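Colleague:
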């Protein structure tokens, strides 16, 4: 995984297995306890050309938490089309803050419990490929659900 800069079929298999391990974690931070987000990410990850790497949805009853985010890897073949589609996403949520950042390959700086055997904690090369970070800020949980549904609808077709 050291010299690859885009999602490949071999990397897709690695990240998909890692995602399946995350689904088994019973930890509110490192796991994905929200059934809605689990469903959305599972659907997104059916795409051969896109893979979720890291995500968070606003906590439903935490009124200080306003953030959802999704980090996705993608194959080189869809880069231009994906960039074009994602750049139009903020217009779907004009009353909210939505940012889309193209991230270069980088070292994984996450540190977490070593007993969780997941790449986002234990693999220093986990983010060593081009990826997008999509961040959504809104007060209401319902708005976050709409954001995630829109993201799913966009990405599941790739």
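Numbering (the working numbering), first residue to last: 6 to 163.
Heads up, the beta-carbon is just placed ideally off N, CA and C, and yes, glycines get one too.
All of these numbers come straight from a predicted model, not from anything done at the bench.
Between the beta-carbon of residue 149 and the beta-carbon of residue 63, is there less than 7 Å?
Modeller: yes
Colleague: I want to check one thing, is the minimum distance from the CB of residue 106 to the heavy atoms of the ligand PLP below 6 Å?
Modeller: Among the components of this structure there are no ligands whatsoever, and the ligand PLP is therefore not found.
Colleague: Could you give the residue range of the alpha helix (DSSP H) that holds residue 157?
Modeller: 146-160
Colleague: Closest to residue 56 by CA distance: which of 87, 93, 38 and 29 is it?
Modeller: 87
Colleague: So, at 7 Å on beta carbons, what are the nonlocal neighbours of residue 49 in its own chain, with the 5 sequence-adjacent residues on each side left out?
Modeller: For residue 49, where only same-chain residues beyond five positions count, the Cβ hits under 7 Å are 55, 57, 157, 160 and 161.
Colleague: Hey, how far is the Cα of residue 10 from the Cα of residue 135?
Modeller: C-alpha separation (whole angstroms): 6 Å.
Colleague: For residue 123 versus residue 23, is the C-beta distance shorter than 7 Å?
Modeller: yes
Colleague: Take residue 73 as the anchor and find which of 80, 42, 128 and 52 has the nearest alpha-carbon.
Modeller: Taking the Cα of residue 73 as reference, the smallest distance to any Cα among 80, 42, 128 and 52 is reached at 42.
Colleague: Per DSSP, residue 76 is paired with what?
Modeller: 59 and 138
Colleague: Going by other Cβ atoms of all chains shown within 10 Å of its Cβ, with 16 needed for buried, is residue 80 buried or exposed?
Modeller: buried
Colleague: Please return the same chain residues whose Cβ sits closer than 7 Å to the Cβ of residue 129, not counting the five positions on each side in sequence.
Modeller: 112 and 113
Colleague: Rounded to the nearest angstrom, what separates residue 52 and residue 152 at their Cα positions?
Modeller: 19 Å
Colleague: Can you list, in chain order, the residues of its chain with a C-beta nearer than 6 Å to that of residue 106? Leave out the 5 residues immediately preceding and following it.
Modeller: 138
Colleague: Compare the Cα-Cα distances from residue 21 to each of 154, 145, 77 and 69 and report the closest residue.
Modeller: 77
Colleague: On the criterion of 16 or more Cβ atoms from any shown chain inside 10 Å, does residue 133 qualify as buried, or is it exposed?
Modeller: buried
Colleague: Taking C-beta to C-beta, are residue 147 and residue 71 nearer than 7 Å?
Modeller: no
Colleague: Counting only the same chain and skipping the five closest in sequence on each side, list residues whose C-beta sits under 7 Å from that of residue 142.
Modeller: 71, 72, 101 and 102
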